[in-house]
Each structure stands twice: as C-alpha cells, then as structure tokens.
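Chains B and R, in that order, are what the protein sequence lines are.
Sequential numbering of the first sequence, starting at 1, is according to the numbering used here.
Sequential numbering of the second sequence, starting at 448, is according to the numbering used here.
C-beta: ideal position from N, C-alpha, C; glycine also.
Notes to accompany the following structure.
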Amino acid sequence: MLKTKILIVDDELIMRESLGGWLERDGHEIEKAASGEEALKKMQQTRFDVLLVDIKMEGMSGLELLKKVKEYDPDIEVVMITAFGSISSSIEAMKNGAFDYLLKPFDPNELGVLIEKIIENKAQIMENLYLREQHKEVTRFENMIGQSSAIRNIFSLIQDVAPMESTILLTGETGTGKGLAAKAVHTHSNRCQGPFMGINCGAIPEHLMESELFGYQKGAFTDAKENKKGRLELANGGTLFLDEIGEISMRMQIDLLRVLEDRIFYRVGGTQPIESDFRVIAATNRNIEDAIKRGSFREDLFYRLNVISIEIPTLKERKEDIPLLAEQFLFRFTQETNKSIKKIHRDALDEMMIYEWPGNVRELENAIERAVVVCKGEVILPENLPIFKHETSPAPRSGSLKEMEKTHIQTALADNEWNITKCAQILQIDRSTLYNKIKAYNIKRNN
Amino acid sequence: MASRNKLNILITTIGSIPKHQLLAVAESVRDQFGIHTQTQETLQDIEFALDTERDQYNSTCILETLQDFVQDPAHKIVALVQEDLFIPILTHVYGEAQLGGKACIVSSHRLKEDLKTVSIQQELTLRLIKEVYHELGHTFGLLHCKDSSCIMHYCRSIRDVDRKSENFCRYCGILLEDEIKKL
C-alpha cells in the first residue's frame, strides 16, 4: 500500500521538524512548507492526502490556505493546528471544510487517532466509489464453473500466479470468461481486500477513454464541473482489469505504457502527479502478435502486459462442462424469473453437446436465459432452445417421420420456387412421387 | 543471537536511574539485537534541554548533544533518564530516536504510571526495556508497525506498552537483520 502523503505547513521550523519526525516514524511520507504560498507551490508538484496547517502564520493565514486548498481539490483533508486561545478560528476553519483541529502541543494519542480516522475515511470514500462503479458493471456471468481438465488447469494456474504481483495477459475467444478469470486472480491475490476496477477498452470511445482512465480536474473541459477520479486512481491498492486491450488506440497505448512503467500519471487538466498502486490484468480476444506485425499494437506494451499469459479455453474445448454450466444458469434464471422449471430435458442437453458454441459460455448463458423465458412446463425442451433452429436443418427434430418428411418437402419446394424437376432431383425421388406426396400432405404453394 | 564484533551499543544513564535497571537493559539489548553492549558515562545532566514554561525536557535537543559521544558509524547510543520528555508539537513522549541515526533516549517518567503488580520494579524495568528496543529499532530505520504485539507498534498509552510483546514481528525482524548486516 502507498504511504499517506502529508504536508506540514507551519512557519515555525521547530514545529515542522518535530511533527514531521513523529509522523515519519509512523510510516507516513512527509513534506514541509514554511508558508501558505510555499504549500500551494508544493501542491502543484505533489498530490497530498492530508495537510496539517498552522492557523497563525506570517503572510497567507492558515484559513486562507484552507480555502484555496478546498477550491483546488476538495478531496484533500486539512487539519488545522492552533494555539490555545484561538478556538474561534478553528470553528471557522471547520465551517470552511477542515477535517478537524488540534490544539498545540497535542497529545500523541490525539494526533495518531486523527490521522487514522482520515486514512479510514479516505479508504471508505474510495470503497464507495468502487462499489458504485461495480454496480454499474454487473456481469451476467456466474463464477468460473467447470470440472473439465482444461478448466481445472486454468484454476490451478490462477492459484499459482494470483499471489504474485506480475502483470497477466488473458487471451481467449469472446465469451470464454476472461473477466471471470481476472476476478478469480484478484480474489486469490494479496490485493483481494482492495478494489477490482475493470474497464472495457473496446466499449469506450477513444475521446472518453483518457478521462475514464486518468480522471480529470475541474475545468479541464466544458463538462468537467468537478474533479473526477479515473479508474487508475480508483484501482489503488487493488487490481486494474483492462478488458479488450487490443482495441485501444496507439495514443492510449503510449500513455498506458508510461503509467505501467512508473505508476505515476496526471488527471486530464491536472498538474499534480498522482501515484497509484495497482496490479494489471489485461485481456484480449485478438491475436496481439499479429497486431504487432501489422503495426497496430506496440511491441513494448505487449511485453509489459504479457509477463504471465493465460489462455482461456473455448467452450468447444471443454464440452464436458456444458451440463454443469447449463444447470447453474438454469438455477439462476429460474430464481430471477420465479419460474418452477426443474431441469433440462436429456434431448436438449444432447443438442447442446453437439452444438459448436461459437459465442462460448456467454452464448450458452443467453440460450438458457431465453429458454427459461419461453418454457411453459417444468422441463426445458429442445424447442425451447431456438438457437438450434437457426443453425441446424429447419426440419423439426421431434415429431413423426411423416411430419419430418412433409416439412422437408415444403422447405425444398420453397427454396427452389416450386421447381418440381429441380426439387425431385434434390430429394432424389422422381417427379410423380413428388407430386403424390404434395397431394398426400396437402402442401399448398404459398404466395 | 551471537554478538557481532564491530557493532556496539552504548547504554548511558543521565541522572538517577538505578544501576540494576541499566544492567538489565544492557543485557536484554545484547540478547535481543545480538550486538555487544557497553555501559558508559556521558552527560552529567540534561538541564540544558529544560523548557521552563513546560517544565519538561526537549528530547530532540538531548539527542543532538548525545550523538557526539558516538564517532563510529557502527555504534549507537541509548540514554536512560527519569525526567519528563517532550518534542515541541506534542505534550510528551516516552522516548525519541533519530530515525536511521545514532542516538535515542527513553524516559522512565511516564512509564511509572499504573504499575499494578507486586514486583513494581520488575514491571517498570520491563517497560523500560520495551521502550529501549522500540527506540533502538528506529535508529536502525524501522518505522511503526501495525502489528499490536510487535515491539515497533506505536504505543499511545501505558496499557499499549504492557500489551505488546518484547519481540519484533517477523517482518520487522527481517528489516532489522538487513539493517544490522549493512553496518
């Protein structure tokens, strides 16, 4: 975790030194300023978490400094330090947004508790922001599920690499569950108490990507009415998941590379460098090496991201997991819709096992969701899985042989605009037999 | 832990700290840090650091004078006093150390609060030893530790001093070893 950055502003050297020394022993990063003016200059270069400000100073007073700090960045907490007898100024400071005030000399216990309270408060704010972001990105995926050797290898790999701090590149087709794998890495890592901050690089227009990642400073552009923390800042202490990394522009690749190298960045329109401590997991369904050859992806960024590579298998490669996944999705969607569907019919499951699932687990999930909606009984039947109707022969898979024959002839006639000779050739029967069947099944040309 | 030859920790008392406490501290420090300890006379008093308004002694001033008794960079000095210490911004301190420096000081003044057991002297000596370990830890560059049982945990009250153990947690122990190796 990063140290709390504290700026001590006091015109008395001895106070700055003794307070600085004490806080340094407590593990905080300390800078000192002898005046309000010097403090403002330092704030241009460094982003502080807390300012400890003496109310009475030569030149700019502590109260004036407080107002300027709060205008500049309301997230910075300011604690006023005052001598006995100037309580009224302290009360005024509280009205102007100071976190608290301390009467000097203060009890070490009092100062320790106050700093802890500020840190906890800031952590709480970050957590709330994170939860709000999380809520926006509710995923329809379940947790990673499977018992196939392909997916068990992935589980084992995740457990091995999660405790490391290394960057991970997840590859795999769309819908294979790369986002779930990223969350699993986060959950098993030492950062699990921190935020998991995801961003879908493919879903955000390039002009919004910069402010989304880096945040912005009030006034940076027309709509920037207040300061906004970016995903990099919100990911502090946790994991940053860059989904669809193959989609980011060359310009963003350069910015991202710089951040990954030194973990320091600037908000859009900001002048203070911001540090954030996060682990990066990136994911892509593209072949990045091909993109490098084509010149659309930076090689240095690829090597920075591809420290550990995990390829998530397609659903086709782990078909034995289909019944388990289908059952899990069925359970979830029946709960959500309040339906009393008990199971998936064996025939429907057989169909699922035959199907190729080009959209992988996500396609299976959508298919089950739709089946639950259209199912009238207690069992999901093959006809409740409309996906197969498009992909396979239009002839019904159930019903009598005669019904199937009728439908097949109807389709052949429709496809060949009732050209009897051509249809008979395709069906490998003679024309008279075809006529007899049309008559027997009472098939009529539909205009 | 075997004592390392070239390293040395000087232990000095200023004023009327009982000799048995000085010896107990010297012996304990030697065992805990694995460094040779030596008792030595230094300052006669600390009146130069008295703040008459506060009727307390400025520990930072004392450390500045005390560090001159140590020339060898592999040596440290610990002073034991009975007077009430302060740093200008705080009401009081149990002790102070130069972070990553040569000198530290511990006062028994506030460590005498709430002595409960029958063997008061033993309890006080134990508190003194704990605070000496803590301040010496700072001279080796160690910071306050979040582990409440670690000797480097910051104590806000005498109850905290009694509650913490006499040992460094695994993490602080490793950092200390690293620092000692560097000397």
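Residue range of the beta strand (DSSP E) that includes residue i
i, result
"residue 552 of chain R", "550-554"
"residue 482 of chain R", "482-486"
"residue 449 of chain B", "The structure shown does not extend to residue 449 of chain B, since chain B is modelled only from 1 to 447, so the question has no answer here."
"residue 53 of chain B", "50-54"
"residue 444 of chain B", "Per DSSP, residue 444 of chain B belongs to no beta strand (DSSP E) and is neither H nor E."
"residue 302 of chain B", "That residue, residue 302 of chain B, is in no beta strand (DSSP E); its alpha helix (DSSP H) goes 299-305."
"residue 524 of chain R", "522-528"
Contacting residues, own chain, Cβ-Cβ under 6 Å from residue i (five flanking each side not counted)
i, result
"residue 471 of chain R", "572"
"residue 596 of chain R", "611, 612"
"residue 13 of chain B", "none"
"residue 209 of chain B", "252"
"residue 305 of chain B", "167, 169, 282"
"residue 379 of chain B", "343, 345"
"residue 422 of chain B", "416"
"residue 248 of chain B", "201"
"residue 136 of chain B", "Unreliable placement is indicated for residue 136 of chain B, whose pLDDT of 44 sits below 50; no coordinate value is reported for it."
Residue i versus the options, residue with shortest Cα-Cα distance
i, options, result
"residue 233 of chain B", "B:199, B:246, B:222, B:92", "B:199"
"residue 365 of chain B", "B:341, B:353, B:347, B:333", "B:333"
"residue 212 of chain B", "B:326, B:229, B:43, B:180", "B:229"
"residue 582 of chain R", "R:466, R:548, R:498", "R:548"
"residue 403 of chain B", "B:420, B:375, B:437", "B:437"
"residue 105 of chain B", "R:487, R:490, R:534", "R:534"
"residue 77 of chain B", "B:414, B:101, B:224", "B:101"
"residue 476 of chain R", "R:628, R:537, R:615", "R:615"
"residue 551 of chain R", "R:543, R:629, R:503", "R:543"
"residue 621 of chain R", "R:578, R:599, R:606, R:604", "R:599"
"residue 570 of chain R", "R:518, R:516, R:467, R:532", "R:467"
"residue 445 of chain B", "B:418, B:426, B:74", "B:418"
"residue 585 of chain R", "R:558, R:559, R:619", "R:619"
"residue 512 of chain R", "R:495, R:520, R:499", "R:495"
"residue 310 of chain B", "B:103, B:154, B:97", "B:154"
"residue 159 of chain B", "B:407, B:177, B:183", "B:183"
"residue 625 of chain R", "R:541, R:588, R:607", "R:588"
"residue 235 of chain B", "B:172, B:263, B:340, B:427", "B:263"
"residue 359 of chain B", "B:313, B:128, B:382", "B:313"
"residue 110 of chain B", "R:538, R:594, R:608", "R:538"
"residue 303 of chain B", "B:162, B:257, B:406", "B:257"
Separation of residue j from residue i, as counted between CA atoms
i, j, result
"residue 275 of chain B", "residue 522 of chain R", "37 Å"
"residue 456 of chain R", "residue 260 of chain B", "44 Å"
"residue 30 of chain B", "residue 50 of chain B", "10 Å"
"residue 530 of chain R", "residue 567 of chain R", "19 Å"
"residue 293 of chain B", "residue 299 of chain B", "9 Å"
"residue 449 of chain B", "residue 269 of chain B", "What is shown of chain B runs 1 to 447, which leaves residue 449 of chain B out entirely."
"residue 346 of chain B", "residue 220 of chain B", "60 Å"
"residue 27 of chain B", "residue 5 of chain B", "10 Å"
"residue 434 of chain B", "residue 424 of chain B", "6 Å"
"residue 215 of chain B", "residue 90 of chain B", "33 Å"
"residue 376 of chain B", "residue 344 of chain B", "13 Å"
"residue 394 of chain B", "residue 431 of chain B", "In this predicted model, residue 394 of chain B has a pLDDT of only 47, less than 50, meaning its place in the structure is not dependable; the value taken from the coordinates is given anyway. Cα to Cα, residue 394 of chain B sits roughly 23 Å from residue 431 of chain B."
"residue 33 of chain B", "residue 489 of chain R", "36 Å"
"residue 439 of chain R", "residue 493 of chain R", "Any property of residue 439 of chain R remains undetermined from this structure, which presents chain R solely from 448 to 630."
"residue 441 of chain B", "residue 349 of chain B", "32 Å"
"residue 222 of chain B", "residue 266 of chain B", "18 Å"
"residue 81 of chain B", "residue 16 of chain B", "11 Å"
"residue 58 of chain B", "residue 11 of chain B", "7 Å"
"residue 536 of chain R", "residue 18 of chain B", "6 Å"
"residue 87 of chain B", "residue 119 of chain B", "25 Å"
"residue 64 of chain B", "residue 75 of chain B", "17 Å"
"residue 231 of chain B", "residue 279 of chain B", "12 Å"
"residue 149 of chain B", "residue 188 of chain B", "20 Å"
"residue 331 of chain B", "residue 46 of chain B", "52 Å"
"residue 286 of chain B", "residue 520 of chain R", "58 Å"
"residue 429 of chain B", "residue 420 of chain B", "11 Å"
Cutoff 8 Å; reference residue i; Cβ partners in own chain excluding five residues on either side
i, result
"residue 337 of chain B", "372, 373"
"residue 147 of chain B", "320, 321, 324"
"residue 464 of chain R", "527, 528, 529, 555"
"residue 152 of chain B", "146"
"residue 329 of chain B", "142, 364, 365, 368, 369"
"residue 448 of chain B", "An answer regarding residue 448 of chain B cannot be provided, because it is not within the stretch 1 to 447 covered by chain B."
Contact set for residue i: own chain, Cβ-Cβ below 7 Å, skip 5 residues either direction
i, result
"residue 363 of chain B", "175, 357"
"residue 579 of chain R", "472, 476, 525, 553"
"residue 140 of chain B", "Interpretation of residue 140 of chain B is limited by its pLDDT of 36, a score under 50 that renders its predicted location unreliable; the figure taken from the coordinates is listed afterwards. Answer for residue 140 of chain B: 365, listed in chain order."
Run of the alpha helix (DSSP H) containing residue i, from where it starts to where it stops
i, result
"residue 620 of chain R", "617-629"
query = Using 8 Å as the threshold, is the stretch 63-78 of chain B in touch with the stretch 23-40 of chain B, meaning 3 or more CB pairs across them?
reply = Yes: at least three Cβ pairs fall under 8 Å.
query = Counting pairs of beta carbons, one from the stretch 481-488 of chain R and one from the stretch 505-512 of chain R, are three or more of them closer than 8 Å?
reply = Touching, no.
query = Are the stretch 238-247 of chain B and the stretch 188-207 of chain B touching, with three or more C-beta to C-beta distances below 8 Å?
reply = Touching, yes, given that three or more Cβ pairs across the two stretches are closer than 8 Å.
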